[in-house]
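Position one of the sequence shown corresponds to residue 1 (full-length UniProt numbering), numbered consecutively onward. First the structure, in the form of structure tokens, and then the observations on it.
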Amino acid sequence: MKPSGFAALRITFIGTNLNFTILFKFTNKKIRTNNLTSTLAMENSLKNFEKTIKKKHSISFTPKYKEEFKTYVNETLFIAIAEKTFERLDWDFIYKDSHHIEAKRKEETLVNERWTEIITATYKNGIILVQSESLGNEIWDVGKNSKRVKLFIYAYQEILKTFDEQALKELENETEKKNNWDDYIIPETLPKPVKTKSPNITIPIIGSLCLSLILGFILAFLSVKGLYLIVLYEFLVATAIAFVMKYLIKISNYTDFSKLQYVLGAMIILIYILNQYFQYELILNENNLDRIGFLNFLYIRFTQGFTINKINFGWIGWIISWIIQLGLTGIFLYLKIIAVLTKYIIGRVPIEVVDFAYYHLVKEKSEEQIRSELAKKGWPDKKNQDEVLEAIGGWQNATELNRVK
């Protein structure tokens with residue numbers, strides 16, 4: 001099994017940084033000066049070329065630009081040089097496999113930093129397809145995507161020129177070693193397992209019920225006061241659920257998403273049912289009305305119809321509004337809870353242990369063999385071993401989250 005995903009790449013970067021530190025420490029002054037001169041020359045070359053790029057504007061709901069070029073190196077070397085190109089351009093490298101590589105470009109604003117484009121390069125039979133796609137809500141890229149693509153192609157070709165035939169062979173061998181984890185040193189010992197509770201779904205269920213009551217009442221109060229803002233409140237509800245679930249997951253040590261999603265789905269439905277019920281109670285209490293029954297209250301709402309800006313959309317308006325509420329909350333919550341769950345799964349296992357298990361996975365060991373190797377290093381308990389295997393999946397999920405456009 002070839003390594004793919006964030007865990008493998010993370011190790012590659014750590015290994016590269018360590019090697020660079022050692023080389024920098026023991027390399028003589030002349031070599032360091034030459035390297036610095038070469039780097040500055042490359043940076044000046046990139047800046048000068050960037051000024052000459054003729055941009056091609058794109059207008060679309062998701063502006064993008066693509067361009068092809070040829071290369072004489074194989075796909076292993078292409079990925080290795082493309083990775084160096086991303087580093088030289090100071091783009092955030094996020095993913096690679098045997099023939100495809102991705103990065104995101106970061107831009108500083110007065111408030112924070114944000115990714116502005118995702119740049120992908122794909123190798124097929126010596127032809128490279130490079131694409132830049134806008135991130136965010138813009139519909140006109142002002143030519144930025146074409147600029148990223150052309151700058152990548154130029155930088156890639158300039159970096160390729162710095163390698164002669166022998167250097168390319170060495171780079172290919174080095175890359176294959178990294179991909180196969182041949183330079184990984186098996187540690188003599190591993191950190192001991194952190195004591196965790198047996199997974200218990202009861203805690204998330206009870207916590208979900210309590211939170212549903214609280215959020216249902218808050219939504220009802222705001223709706224009765226006429227302060228409800230669609231989209232914004234669905235986002236806030238999803239954020240509140242994810243925030244509380246983060247602690248419920250930690251307390252319960254329950255990470256089975258296939259079951260948690262049913263709990264979360266039921267929770268969302270319950271929140272909006274309670275929202276309607278609490279509205280019924282608040283309206284009765286504020287207006288000193290006789291109790292007509294909750295179902296009669298809903299029937300009256302249906303018959304009166306859903307009104308926005310004096311436009312009555314009838315009973316269908318209520319159905320559509322509830323579908324939108326449930327759908328938006330579900331989408332927002334799904335993205336947030338995946339991030340929360342992934343962070344917890346990764347954080348409860350020391351990274352040295354994840355690397356050790358992943359190394360054996362790369363070497364095509366079976367699950368039983370990996371468990372056996374973990375047991376030899378002080379991880380004999382099946383629950384702890386399960387957490388290690390989950391953490392490997394967590395790193396891969398983290399990579400996919402980074403790739404989200």
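Built from N, CA and C at the ideal position, the CB exists for glycine as well.
query: E132 versus E87 - alpha carbon distance; result: Reading the sequence as shown, one finds Ser at residue 132 and not Glu. The straight-line gap from Cα to Cα measures roughly 16 Å.
query: Environment of V388 [buried if 16+ CB atoms lie within 10 Å]; result: buried
query: T76 - containing alpha helix (DSSP H), residue span; result: E75 to L89
query: I186 - containing beta strand (DSSP E), residue span; result: Counting along the chain, I186 falls outside any beta strand (DSSP E), and DSSP gives it neither H nor E.
query: Whole-angstrom C-beta distance between L129 and I81, which should lie under 8 Å; result: About 16 Å separates the two Cβ atoms, so there is no contact after all.
query: Endpoints, the beta strand (DSSP E) within which residue 413 is located; result: Because the chain is modelled from 1 through 405, residue 413 falls outside the range shown and cannot be assessed.
query: Simplified DSSP state of I319, which is helix, strand or coil; result: helix
query: Proximity winner among N285, L274 and F78, relative to K169 (alpha-carbon distances); result: F78
query: According to DSSP, residues forming a beta bridge with K150; result: K150 is not bridged to any residue.
query: Cβ-based burial, T329 [other Cβ within 10 Å; buried from 16]; result: buried
query: Selected residue, minimal CA-CA separation from V354, among S60, L264 and N384; result: N384
query: Extent of the continuous beta strand (DSSP E) to which E138 belongs; result: Neither: E138 is in no beta strand (DSSP E) and is coded neither H nor E.
query: Proximal residues to E400 (C-beta, below 6 Å), its chain only, five neighbours per side dropped; result: none
query: Collapsed DSSP secondary structure at D92 in the structure displayed; result: strand
query: Simplified DSSP assignment, three categories, for L389; result: helix
query: Pairwise C-alpha distance: I273 and F313; result: 21 Å
query: Residues sharing a beta bridge with R105, DSSP; result: E117
query: Own chain, CB closer than 6 Å to G140, minus 5 neighbours either side, in chain order; result: It is worth fixing the name first, because residue 140 is Trp in this sequence and not Gly. Hits under 6 Å: I59.
query: Bridge-paired residues (DSSP) for H100; result: T122
query: Cβ neighbours of N397 in the same chain (closer than 6 Å, five flanking residues each side left out); result: T342
query: Element boundaries [beta strand (DSSP E), containing F69]; result: K64 to K70
query: Whether H57 touches V149 by CB criterion (8 Å); result: no
query: Under the three-state DSSP convention, the category T255 falls into; result: coil
query: C-beta contact flag for V194 and R348 at 8 Å; result: yes
query: Member of G265, W395 and K405 whose CA lies at the smallest distance from the CA of L209; result: G265
query: Beta-carbon gap between L89 and K405 smaller than 8 Å; result: no
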